[in-house]
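Asker: Dropping the structure in here first, questions after.
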Amino acid sequence: MPVQIPDDTDFLSFREQCESQDGWVARFNKGVVTVWCRDEECKTVQKLKMRIVCKDVTAETLYDVLHDTSYRKKWDSNMIDTFDIGRLTVNADVGYYSWKCPSPLKNRDFVTMRSWLPLGNDYLIINYSVKHPEYPPKKDYVRAVSLLTGYLIQSNGANCCTLYYLTQVDPRGSLPKWVVNRVSQFVAPKAMKKIYKACLKYPEWKRKHDPNLKPWRYPEQNTLPCISVADLTVQRADSLENIDESCVNEEKAQHHSDDDET
Numbered sequence: 001m002p003v004q005i006p007d008d009t010d011f012l013s014f015r016e017q018c019e020s021q022d023g024w025v026a027r028f029n030k031g032v033v034t035v036w037c038r039d040e041e042c043k044t045v046q047k048l049k050m051r052i053v054c055k056d057v058t059a060e061t062l063y064d065v066l067h068d069t070s071y072r073k074k075w076d077s078n079m080i081d082t083f084d085i086g087r088l089t090v091n092a093d094v095g096y097y098s099w100k101c102p103s104p105l106k107n108r109d110f111v112t113m114r115s116w117l118p119l120g121n122d123y124l125i126i127n128y129s130v131k132h133p134e135y136p137p138k139k140d141y142v143r144a145v146s147l148l149t150g151y152l153i154q155s156n157g158a159n160c161c162t163l164y165y166l167t168q169v170d171p172r173g174s175l176p177k178w179v180v181n182r183v184s185q186f187v188a189p190k191a192m193k194k195i196y197k198a199c200l201k202y203p204e205w206k207r208k209h210d211p212n213l214k215p216w217r218y219p220e221q222n223t224l225p226c227i228s229v230a231d232l233t234v235q236r237a238d239s240l241e242n243i244d245e246s247c248v249n250e251e252k253a254q255h256h257s258d259d260d261e262t
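Going by UniProt numbering, the residue at position 209 of the sequence shown is 209; the numbering climbs one at a time, nothing skipped.
Rendered as structure tokens:
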């Protein structure tokens with residue numbers, strides 16, 4: 001399937017999904033964090049939606065944090081590696097991301113096309129998995145598939161914002177039910193809080209690390225090699241290995257996300 005760069009209609013559709021309550025069931029609601037899943041999709045390939053209210057954080061800062069791969073290496077303890085591969089347009093690129101799964105589950109990785117759109121006081125970032133000829137699946141990872149993943153950042157005034165994170169990922173594996181439950185009950189809320197904490201520390205960090213470098217805002221700063229859309233295809237899940245990890249016992253699994261946050 002050919003790759004299509006999202007247009008305004010795709011971004012508006014994504015925003016509507018984030019804001020809609022129809023068909024969503026709350027799985028976690030505590031403090032400033034809420035997690036929902038689709039009532040008809042509470043299975044392995046589930047669609048999750050999360051929301052967190054971020055006080056003392058501007059929408060612009062949150063947008064920068066989600067884009068800044070250099071900073072991500074400082075706060076995302078579940079990440080193994082991430083890097084930008086190349087740019088497609090002034091607001092679309094292709095990147096790689098890998099993350100730790102609880103041992104003995106295999107670690108996962110993605111190659112995705114990401115695009116972004118500032119919309120008044122709001123910001124949207126969405127991605128889905130693509131195939132890039134120079135970045136095939138690796139031997140030690142399971143290549144997972146993002147069917148649709150993204151962020152909606154809504155400004156709530158001068159120094160407050162709301163972040164929605166919506167994701168539908170095929171992990172390419174028959175995962176045990178405890179993993180699926182744990183994502184919505186523990187991993188997702190903790191990830192949202194970790195992003196919030198990262199935002200609070202970002203302005204000080206950025207002042208010391210290329211403070212004026214923000215290619216996601218200023219395309220003329222982008223030094224990534226250009227990629228043609230014709231070189232990419234949509235990553236279909238059925239073309240990838242599907243492993244059975246459904247028998248992995250929760251007691252024997254080591255939870256990387258249980259590590260203390262710094």
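Note that CB positions come from ideal geometry on N, CA and C, so glycine has one too.
Nearest CA to the CA of N242: which residue from Q17, V3, A144?
Answerer: Working through the sequence shown from its first residue, we reach residue 242 at position 242. When only C-alpha atoms are compared, the closest one is A144.
Asker: Do L163 and I52 come within 7 Å of each other at the CB atom, strictly closer than that value?
Answerer: For this step, residue 52 is matched to residue 52 along the sequence shown. For this step, residue 163 is matched to residue 163 along the sequence shown. Yes; because the gap between Cβ atoms is below 7 Å, this pair is in contact.
Asker: Count the C-beta pairs between the stretch 58-67 and the stretch 77-88 that are closer than 8 Å, then say yes if the count reaches three, no if not.
Answerer: No: fewer than three Cβ pairs fall under 8 Å.
Asker: Taking only runs that begin and end inside the stretch 27-86, name each unbroken alpha helix (DSSP H) of 4 or more residues, in chain order.
Answerer: Listed in chain order, they are 59-67, 69-75.
Asker: Within the chosen definition, does the stretch 105-117 reach the stretch 125-143 through at least 3 CB pairs nearer than 8 Å?
Answerer: Touching, per the Cβ criterion.
Asker: For K49, count neighbouring C-beta atoms within 10 Å of its own C-beta (all shown protein chains included) and say buried if the count is 16 or more, exposed if not.
Answerer: In the sequence shown, counting from the first residue as 1, residue 49 sits at position 49. Buried: at least 16 other Cβ atoms inside 10 Å.
Asker: Return helix, strand or coil for T218, following the three-state DSSP convention.
Answerer: Residue 218 sits at position 218 when you count from the first residue of the sequence shown. It is worth fixing the name first, because residue 218 is Tyr in this sequence and not Thr. DSSP places Y218 in coil when its eight states are reduced to three.
Asker: Measuring alpha carbon to alpha carbon, tell me which residue in D10, V187, W36, E19 is nearest V25.
Answerer: One-based indexing of the sequence shown puts residue 25 at position 25. Measuring from the Cα of V25, the nearest candidate turns out to be W36.
Asker: Pick out whichever of D10, D64, P211, D8 has its Cα sitting closest to the Cα of Y196.
Answerer: The residue you call residue 196 lines up with position 196 of the sequence shown. Nearest of D10, D64, P211, D8 to Y196, Cα basis: D64.
Asker: If you draw a straight line from the alpha carbon of A230 to that of K131, how long is it in whole angstroms?
Answerer: Here the question's residue 230 lines up with position 230 in the sequence shown. Here the question's residue 131 lines up with position 131 in the sequence shown. Their backbone Cα atoms lie some 11 Å apart in a straight line.
Asker: Kindly indicate which residue of E16, Q168, V183 has the alpha-carbon position closest to the one of P102.
Answerer: Along the sequence shown, one-based indexing puts residue 102 at 102. When each option's Cα is compared against that of P102, the closest is V183.
Asker: Within this structure, are the beta carbons of D81 and D93 separated by less than 7 Å?
Answerer: Position 81 of the sequence shown, counted from the start, is the residue given in the question as residue 81. Position 93 of the sequence shown, counted from the start, is the residue given in the question as residue 93. Not in contact: D81 and D93 (Cβ atoms no closer than 7 Å).
Asker: Does the beta-carbon distance from L124 to L152 come in below 7 Å?
Answerer: On the sequence shown, position 124 is the one that residue 124 refers to. On the sequence shown, position 152 is the one that residue 152 refers to. In this structure, L152 lies closer than 7 Å to L124 by Cβ.
Asker: May I ask you to report which of helix, strand or coil DSSP gives K131?
Answerer: Locating residue 131 in the sequence shown gives position 131, where the first residue counts as 1. Of the three classes helix, strand and coil, the one that applies to K131 here is strand, per DSSP.
Asker: Under DSSP, the alpha helix (DSSP H) around T167 begins and ends at which residues?
Answerer: Within the sequence shown, numbered from 1, the residue matching residue 167 stands at position 167. Unbroken run through T167 is the beta strand (DSSP E), 160-170; no alpha helix (DSSP H).
Asker: Figure out for me which residue from K193, P225, G120, D68 has the closest Cα to the Cα of P203.
Answerer: Within the sequence shown, the letter at position 203 stands for residue 203. Cα-wise, what sits closest to P203 is D68.
Asker: My guess is that residue 263 and T233 are in contact by the Cβ rule of under 8 Å, so how many angstroms apart are they, rounded?
Answerer: Residue 263 falls outside the range modelled here, since the chain spans only 1 to 262, and no answer is possible.
Asker: Return the residue from the list V187, D210, D10 that minimises the CA-CA distance to T34.
Answerer: In the sequence shown, residue 34 corresponds to position 34, counting from 1. The residue with the shortest Cα to Cα distance from T34 is V187.
Asker: Beta carbon of Q168, beta carbon of K30: below 7 Å?
Answerer: Within the sequence shown, the letter at position 168 stands for residue 168. Within the sequence shown, the letter at position 30 stands for residue 30. Not a contact, by the Cβ cut-off of 7 Å.
Asker: Rounded to whole angstroms, what is the Cα-Cα separation between Y218 and F14?
Answerer: Taking the sequence shown and counting its residues from 1, one reaches residue 218 at position 218. Taking the sequence shown and counting its residues from 1, one reaches residue 14 at position 14. Whole-angstrom Cα-Cα distance: 24 Å.
Asker: With DSSP run on the structure shown, which of helix, strand or coil describes L117?
Answerer: The sequence position of residue 117 within the sequence shown is 117, counting from 1. Three-state DSSP puts L117 in a strand.
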